[in-house]
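Visitor:
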Amino acid sequence: MKFIQLPPLLLVLSEMHSGASKIRCLQSERQGLLKSKDELIDAYDDDDDDIYAPLKGMISTSLLELQHLQYLDLSNLFKFSTLALIYCFSNFSNTGFTTIYFGGNRMPGPLPNVFASMTSLARLPLNAIGLEGAIPNYFGNMSSLIYLHLSENSLTRDLFELTMNLSRPVQGKLQYLNLGNNGISGSFSNMSRFSSPWGLFLSENQLNRSTSEGYLKLPHLTELDLSSNELIESLFLGNNKLNGTLPESYGRLSKLRAFLIGSHFFKGIITEDFISDLSQLSYLHLSLNLSIIVKFNPHWVPPFQLTYLRLGHCILGPHFSLWLKTQRQLWFVDISSAGISNNLPTWFVGNLASDLVYLDVSDNHITGVFPDSSFSTIGPSLSIDISRNHISGSITVLCHVREWNLIDLSNNHFFGHIPDCFSHFERLRYLNLANNNFSGKIPLSFSSLSALSLLHLCNNSFSGELPISMANLTDSIMIDILNLSSNKIYGVIPNCIRKYLSMTKKKIENILVIANYTTLPENMLHILGMPEVIDYTASYGYPLDEIYQLQSAYFMWKGKEVKYVSNLCLVQIIDLSNNNLVGQIPSNITKLVDLDGLNFSTNNLSGPIPRNIGNLKSLDFPDFSRNHLFDTIPAGLGKLTLRVLNFSYINLSSKIPPIPQLQTYELAYIGNLDLRERPLNKFIPGDESSHQDPNSGNNAMNNEEFEEDKFVNGEFYIAFGVGFLVGFWEIFGTILLNKATRHAFFMVLKKC
12 MKFIQLPPLL
22 LVLSEMHSGA
32 SKIRCLQSER
42 QGLLKSKDEL
52 IDAYDDDDDD
62 IYAPLKGMIS
72 TSLLELQHLQ
82 YLDLSNLFKF
92 STLALIYCFS
102 NFSNTGFTTI
112 YFGGNRMPGP
122 LPNVFASMTS
132 LARLPLNAIG
142 LEGAIPNYFG
152 NMSSLIYLHL
162 SENSLTRDLF
172 ELTMNLSRPV
182 QGKLQYLNLG
192 NNGISGSFSN
202 MSRFSSPWGL
212 FLSENQLNRS
222 TSEGYLKLPH
232 LTELDLSSNE
242 LIESLFLGNN
252 KLNGTLPESY
262 GRLSKLRAFL
272 IGSHFFKGII
282 TEDFISDLSQ
292 LSYLHLSLNL
302 SIIVKFNPHW
312 VPPFQLTYLR
322 LGHCILGPHF
332 SLWLKTQRQL
342 WFVDISSAGI
352 SNNLPTWFVG
362 NLASDLVYLD
372 VSDNHITGVF
382 PDSSFSTIGP
392 SLSIDISRNH
402 ISGSITVLCH
412 VREWNLIDLS
422 NNHFFGHIPD
432 CFSHFERLRY
442 LNLANNNFSG
452 KIPLSFSSLS
462 ALSLLHLCNN
472 SFSGELPISM
482 ANLTDSIMID
492 ILNLSSNKIY
502 GVIPNCIRKY
512 LSMTKKKIEN
522 ILVIANYTTL
532 PENMLHILGM
542 PEVIDYTASY
552 GYPLDEIYQL
562 QSAYFMWKGK
572 EVKYVSNLCL
582 VQIIDLSNNN
592 LVGQIPSNIT
602 KLVDLDGLNF
612 STNNLSGPIP
622 RNIGNLKSLD
632 FPDFSRNHLF
642 DTIPAGLGKL
652 TLRVLNFSYI
662 NLSSKIPPIP
672 QLQTYELAYI
682 GNLDLRERPL
692 NKFIPGDESS
702 HQDPNSGNNA
712 MNNEEFEEDK
722 FVNGEFYIAF
732 GVGFLVGFWE
742 IFGTILLNKA
752 TRHAFFMVLK
762 KC
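Going from the sequence shown to my numbering is simple: count from 1 and add 11.
#1: Helix, strand or coil: how does DSSP classify Ser214 here?
#2: With a 10 Å radius around its C-beta and 16 neighbouring C-beta atoms as the bar for buried, classify Trp358 as buried or exposed.
#3: With a threshold of 8 Å on Cβ separation, who are the neighbours of Gly191 within its own chain once the five nearest residues in sequence on each side are excluded?
#4: Quickly, what does DSSP pair Gly682 with across the bridge? List them, please.
#5: Compute the Euclidean distance between the alpha carbons of Ser104 and Ile157, then round it to the nearest angstrom.
#6: With respect to the alpha helix (DSSP H) encompassing Asn362, which residues constitute its N-terminal and C-terminal limits?
#7: If you count every other CB in all the chains shown that lies within 10 Å of the CB of Ala755, and 16 or more means buried, which is it?
#8: Round the Cβ separation of Gly404 and Val503 to the nearest angstrom and send it over; I've been treating them as touching at under 8 Å.
#9: Can you tell me the Cα-Cα spacing of Gly194 and Leu142, whole angstroms?
#10: Near Tyr187, what residues of its chain come up, given a Cβ to Cβ distance below 6 Å and the 5 sequence neighbours on each side ignored?
#11: Which partner residues of Gly475 appear in the DSSP bridge assignment?
#12: So what does DSSP say about Thr752, is it helix, strand or coil?
#13: Going by C-alpha distance, which of Pro180, Ser155 and Met202 is nearest Leu173?
#14: Answer with buried or exposed for Pro532, where buried requires no fewer than 16 other C-beta atoms within 10 angstroms of its C-beta.
#15: Looking only at its chain, what residues have a beta carbon closer than 6 Å to the beta carbon of Gly120, apart from the 5 residues adjacent to it on each side?
#16: Considering Ile286, what are the terminal residues of the alpha helix (DSSP H) in which it resides?
#17: Beta carbon of Ile429, beta carbon of Leu420: below 8 Å?
#18: Can you grab the Cα-Cα spacing for the pair Gln340 / Gln316, in whole Å?
#19: Take Ser496 as the anchor and find which of Leu648, Gln674, Asn470 and Ser265 has the nearest alpha-carbon.
#20: Just the C-alpha distance for Val412 and Phe381, rounded to the nearest angstrom, thanks.
#21: Whole angstroms is fine: what's the gap from Leu301's alpha carbon to Leu630's?
#22: Tell me which residues share the same chain as Asp288 and place their Cβ nearer than 7 Å to its Cβ, disregarding the 5 neighbours each side in the sequence.
#23: Can you tell me whether Phe735 is buried or exposed, with buried defined as 16 or more other CB within 10 angstroms of its CB?
#24: Only counting runs of 3 or more residues, tell me where the beta strand (DSSP E) segments fall wholly within the region 164-195, in order along the chain.
#25: For Lys628, name the three-state secondary structure that DSSP assigns.
#26: Between the alpha carbons of Asn446 and Ile346, how many angstroms are there, rounded?
#27: Within a Cβ cutoff of 6 Å, which residues of the same chain sit near Ala139, ignoring the five residues on either side of it in sequence?
#28: Shortest alpha-carbon distance to Asn614 belongs to which of Lys336, Ser636, Thr601 and Met118?
#29: Smallest Cα separation from Ser392: which of Trp415, Asp371 and His401?
#30: Tell me the DSSP bridge mates of Leu83?
#31: Does the beta-carbon of Met758 have 16 or more other beta-carbons within 10 angstroms, so that it is buried, or is it exposed?
#32: Compute the distance between the beta-carbons of Thr256 and Tyr294, then report whether it is under 8 Å.
Written as structure tokens, this is what we have:
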């Protein structure tokens, strides 16, 4: 037998002598290394010259002499390992080891309790050692452990049981977990308690059933490998941070029924080859992967029939994909913001009509006439969002539906009268027809919309008085936003406006339409009567919770149209601006104590501002500008924390109340010639929006546009300073660097 050289050991010294010019081993450390070498021999004959021959022997306690040793790599060294070998690690329980590589040393059986006392151990690769059974319980108490590699072993327990042994405190520290190529079975267990993982590898196991968002909500996850788990029926990776190209192995999960990988940073081109083996696929969700290009052959016939499709914010256009023509079981479709720019094909809506529950094609450049197809919903109601396109036509198609929940046709080219067919839409929560070419009167059947939460009709050509039916509409306890601005409505504001009960108390539950990612009540699933849908929703906790809500809404906020994307149910706004309303502002509007925005600007209202307006404790921006109001400013306004105040051009008289808050709005009172004691020339810090030019718009004015009209502004001072520096150095630099010029300059000074 011959002795061989001990493989290099990386010695990480935590303390260094400051004056040492080079690192030297202490005598005790040198002897420890030599003794460790003496106890390791190769496993072959003396005449074997293979320098990579495996070792046998023991891990010497002489290594204890290396007091600063942190990193020990013994991987793939011992061919004939025994339990006695790994028990050697029990001698190092109180050392400062941070990393021990022992992978590739076969040692069949359960892992003994040899690492439990190594409190500094952070990285422990034990791959391919023949580990059997379960992960030892004591791993859960290894408070420094961040890297655990257990692949290519014989772990055969249920995944849930295995990961339960990785309890606190390790579950808050672990960043890398590799359990690939074992015999792990069961469904995907709850991993959300692991708050730090960036790498999770479970390939080549026997996982089955489904994964769900709650089970894999790992905000730092960037690598995930579930390949060669052919029994997996669903893959839900939503709301993590995975990136790169999609692994081809995902396309080989032949049993996959749900492929849900939205909200990541994946990139690349997905062709039909990627999913052609997924013959059982029913749910496909790739949304919010902004760099994914979905490019299927237009003549490809998929081997599956989808029921749920989300490709929003992927690159799908510019044309409608013809493969969608083969999908006749879709009840949920989201292809919003997908770069589609051609005409809306008649077959598209026709294919969806029989089973449709949710349709979103918003934020594209789709043109053409919306087809007058009949919808027949299988659920309790239908939601449709085709906003922000170039679609035209009438909307009689709305009357063909048994029940609506959400209608958003805003920012298109629809025209004509709104059909008076809303009397049976008892579940309609959101109706947005803004920025179109509608005309005529507001339908009387709006009085039946008892569940309505948002009514947005601005920037059309509606005419006539505010209908009597609005009195019944205000009985709704749900109404949050009422926007009838920029139309041709005339008449008085009805006194029944006080009945907007939702504006007297903020709602925090039962808002299924406007809140972002709101939960669908479980009993709603039974109402749907769709066994497959119920089964999948119960498994994932998703996706039906998004069908009955609006992820965002556009409305006027402080003079601008803004997109409100979350917590919309906590906003209460009334906007009747830019019409021809007359009469007084109803005094009982002050009962809407949780009203956030009140805009009556650019009308012909008269009379005083309501005395008790200070009761509107949540009021953020009142805009009564460009009316014929008179009298004094109510002192109660001084009790409010206002960000925008616009009382310009309304004929106010008397004095501004001696309240500092009311005297700080520089431009809020412009155009009131009889108003005495002009406000102080100062601004509210950080609130430039409260000082706006009344000539910049009809509603609360846009301060940015006002600032752009000034000559002396921030950009002026920057340009002035740059010009001065350039001019100064052009002259002084020439004098300084050019000898002849410098000499002539000083001669002139000398003569002076």
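A virtual CB, placed ideally from N, CA and C, is assigned to each residue, including glycine.
Guide: The answer reads as follows:
#1: Note: Ser214 maps to coil in three-state DSSP.
#2: Trp358 comes out exposed.
#3: Cβ neighbours of Gly191 within its own chain (closer than 8 Å, five residues either side excluded): Ser162, Glu163, Phe212, Leu213, Ser214, Glu215, Asn216 and Asp236.
#4: According to DSSP, Gly682 bridges with nothing at all.
#5: Those two C-alpha atoms are separated by around 18 Å.
#6: Residues Thr357 to Leu363.
#7: With a threshold of 16 other beta carbon atoms within 10 Å, Ala755 falls short and is exposed.
#8: With 8 Å as the limit, Gly404 and Val503 do not qualify as a contact, their Cβ atoms being about 34 Å apart.
#9: Leu142 has its alpha-carbon roughly 11 Å from the corresponding atom of Gly194.
#10: Here the set comprises Tyr158 and Gly210.
#11: DSSP lists Ile500 as the beta-bridge partner residues of Gly475.
#12: Thr752 carries a helical assignment under DSSP once its states are collapsed to helix, strand and coil.
#13: It is Met202 whose Cα lies nearest to the Cα of Leu173.
#14: At Pro532, the pLDDT of 29 sits below 50, so the modelled position is not reliable and the matter cannot be decided from this model.
#15: Non-local beta-carbon contacts of Gly120 in its own chain, meaning distances under 6 Å to residues more than five positions away in sequence, involve Glu143 in chain order.
#16: Where Ile286 is concerned, the enclosing alpha helix (DSSP H) starts and stops at Glu283 to Ile286.
#17: Going by C-beta atoms, Ile429 is not nearer than 8 Å to Leu420.
#18: If I take the Cα positions, the gap works out to 7 Å.
#19: Looking from the CA of Ser496, the closest CA among Leu648, Gln674, Asn470 and Ser265 belongs to Asn470.
#20: Rounded to whole angstroms, Val412 and Phe381 show a C-alpha spacing of 15 Å.
#21: Cα-Cα distance, rounded: 38 Å.
#22: Taken in chain order, the residues that qualify are Gly262, Arg263 and Ser265.
#23: Of the residues assessed, Phe735 falls on the exposed side of the cut-off, its CB having fewer than 16 other CB atoms within 10 angstroms.
#24: You should have 187-189.
#25: Lys628: coil per DSSP, three-state reduction.
#26: Going from the Cα of Asn446 to the Cα of Ile346 covers about 22 Å.
#27: Cβ neighbours of Ala139 beyond the five flanking positions: Gly114, Gly115 and Glu163.
#28: Nearest neighbour of Asn614 by Cα position, chosen from Lys336, Ser636, Thr601 and Met118, turns out to be Ser636.
#29: For Ser392, the closest C-alpha among the options Trp415, Asp371 and His401 is that of Trp415.
#30: DSSP output for Leu83 lists Ile111 as bridge partner(s).
#31: Its Cβ having fewer than 16 others within 10 Å, Met758 is exposed.
#32: It is not a contact, given that the beta carbons lie outside the stated cut-off.
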